[in-house]
Every structure is written in C-alpha cells, then in structure tokens.
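Numbering (mature numbering (1 follows the signal peptide of the UniProt record, and there is no 0)), first residue to last: -28 to -1, 1 to 133. A short write-up of the structure that comes next.
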C-alpha cells in the first residue's frame, strides 16, 4: 500500500514538474486572436465585427486529415444587412464564393478529408460588397469525423447569433 502511494505521489510530482516547464503565462493566453485549433463539439467561437465597403475579414482554422479521422468545421454567419446588399463567404480564398443578400443565418460545412486544404489550415473569408458598412456575427465550431463511422450532423448547435 505504501509503495502504491509513493508511486502515485512521484507521478503527481513529475506531472507538476512537467506542467510547470510548459506553463503559458496569462498575457500569452490573452493574445490568442482569431486562430482556432482542435476543439470539442460544445465549444463555439463567436465574434462580432463590422466591415466597411470593400473590406474583408478572415479566420484561420487549424484542421487535420489522418488515416482514421479528419476535422470537420461548421461556420454560421449572420449579417445585419438592412439593404439586402451583397456580401461573400469564401473558403480558402477560392473563386467559388457564395454571395448572400439576406438577413438569415447562413451555414457553411466542410471537412479536411474532402477539401484540398493548404498545410492543414482552412481560411474563411468574409467580404463586404455593399456600399454601406455591414455588421457580421460569425460563429464556428470544429469536431472530429471518424472515417469508419457516418458523419454526425452538427447543424443543431445553437450559436446564439
């Protein structure tokens, strides 16, 4: 019994030592920005920003594509667009953009397993093609898609947009 307690205590001390060596300062945690790494299903990143005429904003999302699993991403965008003007949602800056003119919540789903991602990083660009500023609320989440199991639909997540 004493040997088990001693072994457990040594493991705890070793874990604390390793954690102390790789600890991140509080100021470094505050400067995370728009970069997103692997998350659980319940984690939703939500942002609000206003784009002037001709402006764009982008979000960089780190993804993975392995033999048995891959990342999947769900992005929801809501624009406060009183004039029903145009704005674009682009994936990796490609020309196959989607143009919207409504005030509804738009969904965009993709997986690293089915997309030709650049260096395991996905970029979502939002462009304002209107003559007036548009306020955007964007939410996104990422999960893991097991390639041997049918993909679970994340559309039911309430992003509170």
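For each residue, glycine too, the CB sits at the ideal point set by N, CA and C.
Inter-residue spacing [alpha-carbon to alpha-carbon] between residue i and residue j
i           : j           : result
residue 109 : residue 40  : 34 Å
residue 98  : residue 46  : 15 Å
residue 58  : residue 75  : 11 Å
residue 102 : residue 71  : 11 Å
residue 16  : residue 85  : 21 Å
residue 36  : residue 117 : 10 Å
residue 104 : residue 24  : 6 Å
residue 100 : residue 81  : 21 Å
residue 28  : residue 121 : 37 Å
residue 113 : residue 38  : 19 Å
residue 32  : residue 21  : 16 Å
Reduced DSSP secondary structure (H/G/I, E/B, other) of residue i
i           : result
residue 121 : coil
residue 48  : strand
residue 22  : strand
residue 29  : strand
residue 17  : strand
residue 39  : coil
Beta-carbon gap between residue i and residue j smaller than 8 Å
i           : j          : result
residue 96  : residue 51 : no
residue 111 : residue 18 : yes
residue 93  : residue 34 : yes
Task: Ranges of the beta strand (DSSP E) found wholly within the region 54 to 114, counting only runs of at least 3 - done: If we require 3 residues or more, the beta strand (DSSP E) runs fully inside the region 54 to 114 come out as 59 to 63, 70 to 72, 77 to 83 and 93 to 100.
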